[in-house]
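Participant: Dumping the structure here so I can ask a few things about it.
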Amino acid sequence: MRTRLTWIAYGVLATLTGIGLAHLVAAVTDRANSPVLAVGSAVIDLTPTPAKEWAIRTFGSADKAILVGSVMAGVLVLAGIAGLLARRRTRHGVAMLLALVAIAGVAVITRPESSVIDLVPSVVAALVAALALAWLAREQSSVTTTDNGRRGVLVAIGVTTVLAAVGGVAGEVVSRLRLRPEDVTLPTPADPAPPLPRGLDRQVPGITPFRTPNGDFYRVDTRLDTPIVSAEDWTLIIDGDVQREVVLTFDDLLAMPMIERDITLTCVSNSVGGPYVGGARWLGVPLADLLARAGVGDRADQILSTDFDGMTISTPLDLATDGRDAMVCVGMNGEALPREHGFPVRMVIPGLYGFISATKWLTRLTLTTYADREAYWTKRDWATDAPIKPSARIDTPRGLEELDAGDVVVGGVAWAQERGGVASVQVRIDDGDWQDAQLGPDGGDDYWRQWFYRWRATSGSHRLSARATTGDGEVQTTDRAEPFPDGASGLHELIVNVG
């Protein structure tokens with residue numbers, strides 16, 4: 001039994017050594033080429049939409065960590081089997097490790113805009129893992145009762161362990177040596193946003209902050225890592241059905257007149273009452289100014305935006321150019337974009353769910369038609385036209401919370417971007433009449449509003465409901481819908497118990 005465990009450990013150690021050094025190599029170009037991340041990304045792409053939505057609902061922001069952990073666990077199980085095979089024939093164990101890495105290679109080369117050079121980390125993983133297992137197997141087979149035999153095994157184990165650890169850590173260090181967001185000096189906007197009013201944060205305990213801090217802003221995307229994109233090497237290409245192709249560097253973009261706007265973003269995966277919504281102050285160049293430089297052709301009906309890794313998002317051209325504050329952004333809440341939110345450049349278009357508007361790590365804008373080009377989510381049957389649906393969310397009290405009878409403050413946020421903003425919020429207790437809540441300060445039509453309602457709570461179990469009415473007069477629908485294919489709808493309701 002001990003011998004079997006030893007060989008399992010050899011397979012795992014050899015694999016970790018290969019993965020660690022491959023991660024270091026991938027850090028020089030794109031961390032997504034690291035074998036485990038490449039396989040995880042392929043799993044995301046191949047997973048049916050209902051399964052993805054279930055994972056987001058069930059695991060929330062931990063869904064990617066769980067996926068990476070699951071992939072890694074599967075790899076290590078197979079690595080252990082490779083070690084057992086090497087116990088009988090070294091070449092059999094090596095062959096299995098090579099087969100494992102080949103899967104990662106396929107995942108890498110089938111990514112959008114991939115090239116042969118992207119396979120280098122997988123090749124490194126294969127060579128290092130195979131050599132490490134062969135070395136460990138050779139030293140183990142030469143073990144005798146003498147000190148030299150045992151010493152050889154210990155040296156092999158020690159070297160491979162150090163290489164595995166150093167490779168993984170050094171990969172992270174190398175990635176972060178590039179130009180950092182905090183090194184960027186943002187320009188002063190030519191058209192600044194007015195000061196944001198003081199919210200109800202202190203007045204209503206438990207309510208969502210009026211301004212979402214960068215570190216708390218939701219993140220939902222298909223990336224398993226946080227991309228490290230160099231602003232020094234970054235360019236934006238505007239092509240397709242245009243009069244002239246435009247290529248801009250990061251410095252070119254910073255030199256253009258910029259606007260500053262308070263905009264609330266919402267993810268289409270946000271369920272009713274869900275957390276994937278946030279309000280921030282964005283700094284960027286109007287999208288219309290960039291399109292004017294290129295000159296949009298007569299045939300185009302979509303903007304196909306592409307990130308640095310080939311991920312594509314489609315935006316209806318008519319909605320992006322109808323006068324709303326569509327932006328190509330470089331700043332968020334007074335700072336350069338954080339890496340996890342698109343550094344160095346991303347898109348922000350108010351009133352549209354992020355999957356058709358909020359491309360992060362943006363590198364290309366292609367003017368084309370829906371008939372000619374399909375984006376990532378379009379191929380997976382999501383809607384091509386998805387305005388954000390008006391919604392009110394109850395932040396406090398929490399569902400199933402135990403409350404004391406008497407005065408209770410019910411509070412939350414509501415949003416209705418590009419629909420005249422939030423005109424009113426109403427609260428209903430059980431099946432009673434709708435009662436007007438008090439609104440917090442107005443941050444603009446494209447920004448959410450806080451609200452609260454003072455309720456005289458009586459003993460028993462009660463159902464609380466909330467609904468928003470837009471400035472255009474639209475009352476939030478009671479019809480329940482899942483996020484797929486164009487956003488969730490229905491009223492946020494919860495049960496509380498009053499003692």
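At position 479 of the sequence shown (counting the first as 1) the number is 479 in UniProt numbering, and the numbers step up by one without a gap.
Using N, Cα and C, we set each Cβ at its ideal position, and we do this for glycine too.
(1) Using 10 angstroms around the beta-carbon of residue 17, count the other beta-carbons present and answer buried if the total reaches 16, otherwise exposed.
(2) Assign residue 4 to buried or exposed, taking buried as 16 or more other Cβ atoms, counted over all protein chains shown, within 10 Å of its Cβ.
(3) Under 9 angstroms, do residue 312 and residue 386 count as touching if we go by C-beta distance?
(4) Roughly how many angstroms lie between the CA atoms of residue 60 and residue 443, to the nearest whole one?
(5) Closer than 8 angstroms is the cut-off here; do at least three beta carbon pairs connect the segment 85-93 with the segment 134-141?
(6) Under 7 angstroms Cβ to Cβ from residue 45, same chain only, skipping five residues before and after it: list those, please.
(7) With a cut-off of 8 angstroms on the beta carbons, I'd call residue 210 and residue 216 a contact; round off their distance for me.
(8) Quick one: Cα of residue 381 to Cα of residue 453, how far?
(9) Identify every residue that forms a DSSP beta bridge with residue 427.
(10) Give me the Cα-Cα distance between residue 360 and residue 230, rounded to the nearest whole angstrom.
(11) Let me know the secondary structure DSSP gives residue 453 once reduced to three states.
(12) Quick check on residue 89: does DSSP put it in helix, strand or coil?
(13) Go through its chain and collect everything with a Cβ distance to residue 225's Cβ below 6 angstroms, but skip five positions before and after it.
(14) Rounded to whole angstroms, what is the Cα-Cα separation between residue 273 and residue 410?
(15) Where residue 289 and residue 481 are concerned, what is the direct C-alpha to C-alpha distance, given to the nearest angstrom?
(16) Can you list, in chain order, the residues of its chain whose CB lies under 7 angstroms from that of residue 19, leaving out five sequence neighbours each side?
(17) Relative to the C-alpha of residue 39, which candidate in 255, 466, 348 and 122 has its C-alpha closest?
(18) Mark residue 281 as exposed unless 16 or more other C-beta atoms lie within 10 angstroms of its C-beta, in which case mark it buried.
(19) Quick check for students: name the residue ranges of the beta strand (DSSP E) that lie wholly in the UniProt domain "Oxidoreductase molybdopterin-binding" (225-376), counting only runs of 3 or more.
(20) For residue 65, which of 129, 219, 50 and 108 has the nearest alpha-carbon?
(21) State the Cα-Cα distance for the pair residue 316 and residue 132, rounded to the nearest angstrom.
(22) Where does residue 145 fall in DSSP's three states?
(23) Between the Cα of residue 399 and the Cα atoms of 434, 407 and 206, which residue gives the shortest distance?
(24) Is the distance from the Cβ of residue 240 to the Cβ of residue 319 below 9 angstroms?
(25) Does the segment 327-347 touch the segment 180-191, meaning 3 or more C-beta pairs lie closer than 8 angstroms?
(26) Is residue 341 buried or exposed, if buried means 16 or more other CB atoms sit within 10 Å of its CB?
(27) Can you list, in chain order, the residues of its chain whose CB lies under 7 angstroms from that of residue 212, leaving out five sequence neighbours each side?
(28) Grab me the residues of residue 144's own chain with a C-beta within less than 7 angstroms of its C-beta, minus the 5 sequence neighbours each way, in chain order.
(29) Tell me the residue span of the alpha helix (DSSP H) that contains residue 54.
(30) Compute the beta-carbon to beta-carbon distance between residue 352 and residue 388, rounded to the nearest angstrom, for a pair I have assumed lies under 8 angstroms.
(31) At a cut-off of 8 angstroms, would you count residue 410 as near the ligand ATP, judging by its Cβ distance to the nearest heavy atom?
(32) For residue 437, which residues from the same chain have a beta carbon less than 7 angstroms from its beta carbon, with the 5 sequence-adjacent residues on both sides left out?
(33) What did DSSP end up calling residue 103 once you bin it into helix, strand or coil?
(34) Less than 9 angstroms between the beta carbons of residue 106 and residue 42, yes or no?
Facilitator: In brief:
(1) buried
(2) exposed
(3) no
(4) 28 angstroms
(5) yes
(6) none
(7) In fact, because the Cβ distance is near 12 angstroms, the residues do not count as touching under 8 angstroms.
(8) 40 angstroms
(9) 435 and 466
(10) 14 angstroms
(11) strand
(12) coil
(13) 31 and 37
(14) 14 angstroms
(15) 37 angstroms
(16) 35, 36 and 125
(17) 122
(18) buried
(19) 235-240, 246-249, 259-266, 277-286, 302-307, 312-316, 327-332, 346-348 and 362-368
(20) 219
(21) 52 angstroms
(22) At residue 145, the pLDDT of 47 sits below 50, so the modelled position is not reliable and the matter cannot be decided from this model.
(23) 206
(24) no
(25) yes
(26) buried
(27) 278, 279 and 280
(28) Low confidence applies to residue 144: its pLDDT is 49, below 50, so where it sits in the model is not reliable, and the reading given next is rough at best. Hits under 7 angstroms: none found.
(29) 49-59
(30) 7 angstroms
(31) Among the components of this structure there are no ligands whatsoever, and the ligand ATP is therefore not found.
(32) 425, 426, 427, 451, 452 and 453
(33) helix
(34) yes
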